[in-house]
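Residue numbers for the sequence shown, in mature numbering (1 follows the signal peptide of the UniProt record, and there is no 0): -22 to -1, 1 to 100. Reading through the structure tokens given below for one structure.
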Amino acid sequence: MIKTTLKAVVAAAVLVGSAAAAAPPAATPMVQSKDSYDRHVTIKNRTGWTMLRFYASDSRSDDWEEDILGSDVLENGQDVRINIDDGSGACIYDFKAEFTNGQELTRSRINVCEVSEYTYTR
């Protein structure tokens, strides 16, 4: 469930982000979860490398969900807004990003109900 929804949102956001120089992105309607927490998080890449893959999984899980970026990438300096709401009611997620230099950065226990931006740096 989270895989398909997040992949579609990320694909649209990356496309909008790459066209940002040509025209400002259109406003997207806010979709609120059942418990009224906003689980949208803007992922910012400030590492100096291109982010090839991004994963967000409920911290209670031992497995990573599918790569949210899919066939897209997040270039250094780009941002992408992702709805992390998987319908489970969870707020605490682990993030993992993989970069062109071979580095993997894993961040644990991110509260997506309270954090609206997350920046990857070196």
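From the three backbone atoms N, C-alpha and C, an ideal C-beta is built for every residue, glycine too.
Chain-order list of residues whose beta-carbon lies under 8 Å from that of residue i (same chain, five-residue window excluded)
{"i": "Gly26", "result": "Asn54, Arg100"}
Same chain, Cβ closer than 6 Å to residue i, neighbours up to 5 away in sequence not counted
{"i": "Thr84", "result": "Lys74"}
{"i": "Asn23", "result": "Met29, Leu52, Asn54, Gln56, Tyr98"}
{"i": "Phe32", "result": "Ile46, Leu47, Ala75"}
Three-way DSSP call (helix, strand, coil) for residue i in this model
{"i": "Gln10", "result": "With a pLDDT of only 44 at Gln10, under the threshold of 50, the placement of this residue in the model should not be trusted; the figure read from the coordinates follows. Note: Gln10 maps to coil in three-state DSSP."}
{"i": "Glu92", "result": "coil"}
Option in the options with minimal Cα separation from residue i
{"i": "Cys69", "options": "Thr97, Ser86, Val51", "result": "Ser86"}
Endpoints, the beta strand (DSSP E) within which residue i is located
{"i": "Asn89", "result": "82 to 89"}
{"i": "Ser35", "result": "29 to 36"}
{"i": "Ile46", "result": "Counting along the chain, Ile46 falls outside any beta strand (DSSP E), and DSSP gives it neither H nor E."}
{"i": "Ile62", "result": "No beta strand (DSSP E) holds Ile62; DSSP gives it neither H nor E."}
{"i": "Arg24", "result": "18 to 24"}
Same chain, Cβ closer than 7 Å to residue i, neighbours up to 5 away in sequence not counted
{"i": "residue 115", "result": "The chain is shown only over -22 to 100; residue 115 falls outside these bounds and no answer can be derived."}
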